[in-house]
Every structure is written in structure tokens, then in C-alpha cells.
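A quick write-up on the structure given underneath.
Protein chains in written order, with this note's numbering: chain Z, 1 to 197; chain R, 198 to 371.
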């Protein structure tokens, strides 16, 4: 028996949703514990006086990456069945840019805004209303930019395929980059006083 | 010297990353699926020992099935006699059943066993009713000629978007 259990038909959509809920609660809990429900902390990332977001994101990335790699290596998980979101490079760059502008303006991203809501932060309520409004506008206006949305398709591409290296090499490179990034991030934090928080 | 927790964790991360570097790839490069296009081509080539198993309901099978396939449901698979030299392709309505069957058979030691990616819908969309988008590039248009021939072989109806001259295709092949 190996994961992904849903793909192998060991459980259906209902059970999948229950697991998603449990994982989601833990995800939210740890985001809050890491201080990421605080818009000031998140915005600090963009001004380089608080690198918590960078450190937390990359810690999560390398933990999950090493976990998935070895689970797959020892046959507990079939990585080839894990869903990869298809790449549409140009629309995704534009989307990322819009997301970034919204992030720094509102101080929260979609996930952290929900986390901030649970602790009763008013700014998060405003942000979530805006987010739902944005989703609605996007859905209604979708036919107008449908062609752009599906332009520059690259399929379900992965970095090992793109650079023609093994998964292991990629894992190694990213872990080293992340550790170098942590060291550098702490160096920056020491030189920038935490002026806003 | 007392190491901080961060340093200890970093050390473990580097250690695991080094193992990953040596291990290279976390899974075998063998593919567990076959795309509808590849599958259609192996049918046209009349590949020997090709066994196709439709895991859908008997009713769905009666309405339409891929030529030469047999209708066996997932619980019934245990009693089917298949040779390990056969190339086996499973398909279902959603990919869940076919993936499960593929996985079970591979575990039993069958080497040449696949599930049809996208199931019966994938087959319909990619092989039987392929569509050439209006803004397709020249290479896509050229490629589509091959796709059209393949579709016609299975009695399908390829469509070029914006081209209203409906052609009637004669069913040929199996």
C-alpha cells in the first residue's frame, strides 16, 4: 500500500476532505504560532527588516521536499502520481505580480488572512471580503482574458525535467540554497532595526 | 561547543540532501500510464498480446467501448487469467479504478501494465473527437493531419474550429 491513497482508491472524496480539514487546521495553527497571522510581520518581509516569511517558507519547502523524496524513494509514495499544476508561464508571472502587489498592500496572503481572521484581526476581515470580491470579478470577467490565461503552456513541467538533472541533485541544490538563504537573511535582520513591529 | 537547534537541524538537512544527491531519483522511470494517443497507435499497429480491460459498468460498456476491449469490473479482476507477457491496458470512467488495477497488477509482477490516462473521456477527447483550435500554429495544423487520420481509423469525427464544412467519415479499421 503506497500513497497517494486517494489516487490508489484507498479512500474517496469524503475521507479526502476530512484529511484536508485536519491538515488545514494544523497548517493554520502553525502559521499563527510562527507569527504569520500578523500583517506587520508579513510586510516586514517586503522591507527586509523581518525575514520570518522567507525562513518559514523555505523551512517548509525543504522539510516537505526531503520528506516526499525519501517517502517516494522507500516506496511509501508514488511521486509520479502526485498532481502537478500545469505551467502557463506568462499568465502565471502576471498573476504572481498581482498577487505580490495585493500581498504587500493588504499585508496578508489568502492563507494567512484566514489565520488572522481566527484571532479576530479586523484587517483580515476587510481583506477576505476583498478576496471574495476579487474571485467573483475574476470568474465573471474570465471569458475576456481566457486566451491569455491559457497562453504559453509548458505542460506539467518540473525543475528536474527543465534543467535535465536528477531529483536528488535538485533537492541538494535547493537545501544548500535555503541554508545559505537563512544565513544571509539573519545577517540582513541584524543590520536592519525592526522599526515597525 | 554547544550547537544551537537551528544548526543541528541544518546539519540533518544537509546530510539528507547529500543522500538524495547519491540516490538521484526517488522512483523508477517506468511510466504507469499510457496516453490515449500512444494507446490508439498501438491498437492501429495491432500490437501482439495487447489486452484491453474496460472497468466501467456493463451499461457504459454497451453504449461505447474501445474496440477489442473486454468488460470486467474491479472485484472481478482476481479471477481473470492473464499472461505476464501480455501488454495490459486498463481504462475506466475516472482514473481511480484503472490506477488501482494497474497498481495491483504491477504488484503481482506484471511488467507491461498501464492505465489509460484520462480514461474513456480522454480517449473520446483526444482520439475520437479531437479539435484543432482556431488559433493553432502551423506545426499544430500539420500535426493535426495525423490526429485526423487516427480519429477516422476509429470512426471518430475530428473537428477544425471555425471550419463548418462537415465531412462525413467512413468507418474503417477495426
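Glycine included, C-beta positions come from ideal geometry on N, C-alpha and C.
Coil, strand or helix - residue i by DSSP
{"i": "residue 328 of chain R", "result": "strand"}
{"i": "residue 94 of chain Z", "result": "helix"}
{"i": "residue 198 of chain Z", "result": "Limits of chain Z in this structure are 1 at one end and 197 at the other, which puts residue 198 of chain Z out of reach."}
{"i": "residue 347 of chain R", "result": "helix"}
{"i": "residue 145 of chain Z", "result": "helix"}
{"i": "residue 179 of chain Z", "result": "helix"}
{"i": "residue 22 of chain Z", "result": "helix"}
{"i": "residue 167 of chain Z", "result": "helix"}
{"i": "residue 155 of chain Z", "result": "strand"}
{"i": "residue 358 of chain R", "result": "coil"}
{"i": "residue 48 of chain Z", "result": "coil"}
{"i": "residue 191 of chain Z", "result": "helix"}
{"i": "residue 307 of chain R", "result": "coil"}
{"i": "residue 196 of chain Z", "result": "Only weak support is given to the placement of residue 196 of chain Z: the predicted model assigns it a pLDDT of 49, under 50, and the value that follows is read from those uncertain coordinates. Three-state result, residue 196 of chain Z: coil."}
{"i": "residue 313 of chain R", "result": "strand"}
{"i": "residue 287 of chain R", "result": "strand"}
{"i": "residue 36 of chain Z", "result": "coil"}
{"i": "residue 186 of chain Z", "result": "helix"}
{"i": "residue 77 of chain Z", "result": "strand"}
{"i": "residue 366 of chain R", "result": "A caution first: residue 366 of chain R carries a pLDDT of 44, below 50, which makes its placement in the model unreliable, though a value can still be read off. It is coil, neither helix nor strand."}
{"i": "residue 112 of chain Z", "result": "helix"}
{"i": "residue 300 of chain R", "result": "helix"}
{"i": "residue 338 of chain R", "result": "helix"}
{"i": "residue 55 of chain Z", "result": "helix"}
{"i": "residue 119 of chain Z", "result": "coil"}
{"i": "residue 139 of chain Z", "result": "helix"}
{"i": "residue 333 of chain R", "result": "coil"}
{"i": "residue 5 of chain Z", "result": "coil"}
{"i": "residue 278 of chain R", "result": "coil"}
Amino acids of chain R, ordered along the chain, whose beta-carbon sits closer than 9 Å to that of residue i
{"i": "residue 133 of chain Z", "result": "None at all; the shortest Cβ gap to chain R is about 32 Å."}
Contact list for residue i against chain Z, beta-carbon separation under 7 Å
{"i": "residue 341 of chain R", "result": "Under the 7 Å cutoff, chain Z gives no residues; its nearest Cβ is about 17 Å from residue 341 of chain R."}
{"i": "residue 223 of chain R", "result": "69, 72, 73, 79, 167"}
Contacts of residue i in chain R (Cβ-Cβ under 7 Å)
{"i": "residue 142 of chain Z", "result": "Within 7 Å Cβ-Cβ: nothing; residue 142 of chain Z doesn't reach chain R, min ~17 Å."}
{"i": "residue 62 of chain Z", "result": "210"}
Under 8 Å from the C-beta of residue i: neighbouring residues of chain R
{"i": "residue 176 of chain Z", "result": "211, 214"}
{"i": "residue 66 of chain Z", "result": "210, 213, 214, 217"}
{"i": "residue 203 of chain Z", "result": "What the structure shows of chain Z is the stretch from 1 to 197, and residue 203 of chain Z is not part of that stretch, so it cannot be assessed."}
Contact list for residue i against chain Z, beta-carbon separation under 8 Å
{"i": "residue 219 of chain R", "result": "168"}
{"i": "residue 207 of chain R", "result": "179, 182"}
The ligand ATP heavy atom lying under 7 Å from the CB of residue i
{"i": "residue 113 of chain Z", "result": "The ligand ATP is not part of this structure, which contains no ligands at all."}
Proximity of residue i and residue j at Cβ, strictly below 8 Å
{"i": "residue 313 of chain R", "j": "residue 264 of chain R", "result": "no"}
{"i": "residue 88 of chain Z", "j": "residue 143 of chain Z", "result": "no"}
{"i": "residue 252 of chain R", "j": "residue 298 of chain R", "result": "yes"}
{"i": "residue 51 of chain Z", "j": "residue 185 of chain Z", "result": "yes"}
{"i": "residue 155 of chain Z", "j": "residue 54 of chain Z", "result": "no"}
{"i": "residue 171 of chain Z", "j": "residue 214 of chain R", "result": "yes"}
{"i": "residue 86 of chain Z", "j": "residue 151 of chain Z", "result": "no"}
{"i": "residue 316 of chain R", "j": "residue 295 of chain R", "result": "yes"}
{"i": "residue 283 of chain R", "j": "residue 305 of chain R", "result": "no"}
{"i": "residue 270 of chain R", "j": "residue 262 of chain R", "result": "no"}
{"i": "residue 104 of chain Z", "j": "residue 43 of chain Z", "result": "yes"}
{"i": "residue 48 of chain Z", "j": "residue 188 of chain Z", "result": "yes"}
{"i": "residue 138 of chain Z", "j": "residue 217 of chain R", "result": "no"}
{"i": "residue 202 of chain Z", "j": "residue 62 of chain Z", "result": "Lying outside 1 to 197, the shown extent of chain Z, residue 202 of chain Z is not represented and no answer is given."}
{"i": "residue 343 of chain R", "j": "residue 329 of chain R", "result": "no"}
{"i": "residue 353 of chain R", "j": "residue 331 of chain R", "result": "no"}
{"i": "residue 230 of chain R", "j": "residue 311 of chain R", "result": "yes"}
**OP:** Please go through the region 198-272 of chain R and give each complete alpha helix (DSSP H) segment of 4 or more residues, from N-terminal end onward.
**Re:** Taking only runs of at least 4 residues, the alpha helix (DSSP H) segments lying wholly in the region 198-272 of chain R are 202-220, 233-241, 255-260.
**OP:** Could you tell me whether the region 109-128 of chain Z touches the region 31-38 of chain Z, where touching means 3 or more Cβ pairs closer than 8 Å?
**Re:** The answer is yes - the region 31-38 of chain Z touches the region 109-128 of chain Z, with three or more Cβ pairs under 8 Å.
**OP:** Determine contact between the region 67-84 of chain Z and the region 213-231 of chain R, defined as no fewer than three beta-carbon pairs at a distance below 8 Å.
**Re:** Yes, the region 67-84 of chain Z touches the region 213-231 of chain R.
Subject >> Inter-stretch contact (C-beta, 8 Å, three-pair minimum) for the region 322-338 of chain R and the region 287-297 of chain R >> reply: Taking 8 Å as the limit for Cβ pairs, the verdict is that the region 287-297 of chain R does not touch the region 322-338 of chain R.
Subject >> Cβ contact (3+ pairs, closer than 8 Å) linking the region 208-222 of chain R and the region 158-175 of chain Z >> reply: Under the Cβ criterion (8 Å, minimum of three pairs), the region 208-222 of chain R counts as touching the region 158-175 of chain Z.
Original post:
When the Cβ atoms of the region 204-211 of chain R are set against those of the region 268-279 of chain R, are three or more pairs found closer than 8 Å?
Top reply: The region 204-211 of chain R is not in contact with the region 268-279 of chain R.
Original post:
For the region 103-119 of chain Z against the region 13-33 of chain Z, are there 3 or more C-beta pairs whose distance is under 8 Å?
Top reply: With the cut-off at 8 Å, the region 103-119 of chain Z and the region 13-33 of chain Z touch.
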